[in-house]
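Remember, my numbering sits 245 above the position in the sequence shown when you count from 1. Note that the Cβ used here is the ideal one computed from N, Cα and C, for glycine as well. As the structure is a computational prediction, the values presented were derived from the model and not from experiment. Just below is one structure, and these are the notes that go with it.
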Amino acid sequence: MSRVVVVVGATSGIGRVAAREFARRGDRLVLAARAPQTLNDVRAECAAEGAEVLVVPTDVTAPGALAALADAAVARFGRIDAWVHTAAVTAYGRFDEVPGRIFDQVVRTDLLAAAEAARVALRHFRSTGSGTLVLTGSVLGHITAPYLSGYVAAKWGLTGLVRTLQQELRDLPDVHVCLVSPGSVDTPIYQRAANHLGLVGRPPPPVATPERVARAVVDCLARPRREVSVGRLNPLMRVGFTVLPGLYDVLVGPLMRRLGLADEPAPAHDGVLFAADPASEAVRGGWLPDVGHLLRTAAALPASAGTRLLRRVR
């Protein structure tokens, strides 16, 4: 029997790739994000894979929105087997220079909305006795970096929340809570970030593909794990942060300024924190070459060249 999977944050990055992969596996999908038009685009992508899809435009920070999303899923499909929550925003700036409303909105979106999603999903799973909740954390839920205080605070909070939930659910062996914690990922979150630092943010290397992280998310439904780290340097950074905190603090600032920020100036702006921007919603952020696209293009070149040659012969 196909699973019923709710994917929140389905219009860009990791969530969009995960939705496509669930569709390929024959799951029935409930897709949620803020932008209705982009949601419809993703629905078409998943329907092309043969999936039955319900889209529910949802602002995760709106009171009652996630409960309404769950109600819509149950009304359409009768149950929820898995809930994948990937919605996130970020903001650049020194803590004392970031407006309070910006900091609060990052925490509201990345931590409090994720907590509400967990509350809604777990109530449903407790009533049915089974289900899997996948939340997307970050390596910045275990270490810190300057100029990202709201995001770091939210992801640390999310890490603590997940551990608590895992402890509280020990009486329900068929209910699972998984945390997928990537390092830098090639998604548009950096371009979509609020900025009060004056410089454009970018993902410090090494940068993973959203496809790699999405595979970890999808795999959690088949093999639930407490936490999955995605990123070659994540373990090293966590060890340095814990074992050599003084040295870590000396190095992290210069490394962030050199690798995590571009020389390109950025005016102060709110990014997508308070309103969706459909034009910026995509799978990739453009920080890595799309190898799949390059391979498909290369594979098409001989056929294209052959067609042109035939036309000339004729």
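Residue i to residue j span [Cα, whole Å]
| i | j | result |
| --- | --- | --- |
| Asp494 | Pro391 | 10 Å |
| Val422 | Asp464 | 13 Å |
| Phe340 | Ile347 | 10 Å |
| Thr487 | His387 | 9 Å |
| Leu367 | Arg279 | 23 Å |
| Asp416 | Arg408 | 15 Å |
| Arg265 | Arg460 | 11 Å |
| Asp515 | Pro308 | 21 Å |
| Asp286 | Ser257 | 11 Å |
| Ala362 | Val397 | 19 Å |
| Glu456 | His330 | 16 Å |
| Ala507 | Thr303 | 33 Å |
Span of the beta strand (DSSP E) around residue i
| i | result |
| --- | --- |
| Pro510 | 506-510 |
| His421 | 420-427 |
| Arg266 | First, the residue type needs correcting, since residue 266 is Glu and not Arg in the sequence shown. Note, Glu266: premise wrong, no beta strand (DSSP E); alpha helix (DSSP H) at 258-269. |
| Leu410 | Segment 394-413 is the alpha helix (DSSP H) holding Leu410; no beta strand (DSSP E) there. |
| Ala278 | 273-278 |
| Val475 | 472-475 |
| Ala461 | Note, Ala461: premise wrong, no beta strand (DSSP E); alpha helix (DSSP H) at 455-467. |
| Pro302 | 298-302 |
Outcome for residue i when other beta-carbon atoms lying within 10 angstroms are tallied against a minimum of 16
| i | result |
| --- | --- |
| Phe267 | buried |
| Leu311 | buried |
| Val528 | buried |
| Pro433 | buried |
| Glu342 | exposed |
| Gly505 | buried |
| Ala524 | exposed |
| Arg261 | buried |
| Val252 | buried |
Spatially closest choice to residue i from the options, by CA coordinates
| i | options | result |
| --- | --- | --- |
| Pro450 | Arg265, Ala362, Trp532 | Trp532 |
| Leu373 | Pro418, Asp431, Gly271, Pro480 | The sequence shown places Thr at residue 373, rather than the Leu named in the question. That would be Pro418, whose Cα lies nearest to the Cα of Thr373. |
| Ala335 | Leu403, Ala439, Ala521 | Per the sequence shown, the amino acid found at residue 335 is Thr instead of Ala. Nearest of Leu403, Ala439, Ala521 to Thr335, Cα basis: Ala439. |
| Arg270 | Val365, Thr381, Ala359, Ala467 | Ala467 |
| Gly530 | Val475, Val351, Gly446 | Gly446 |
Limits of the unbroken alpha helix (DSSP H) element including residue i
| i | result |
| --- | --- |
| Leu444 | No alpha helix (DSSP H) contains Leu444, which is instead part of the beta strand (DSSP E) from 444-446. |
| Leu417 | That residue, Leu417, is in no alpha helix (DSSP H); it is neither H nor E in DSSP. |
Can you give, in chain order, each stretch of the alpha helix (DSSP H) that sits fully within the region 352-384 and has at least 4 residues?
Taking only runs of at least 4 residues, the alpha helix (DSSP H) segments lying wholly in the region 352-384 are 358-373.
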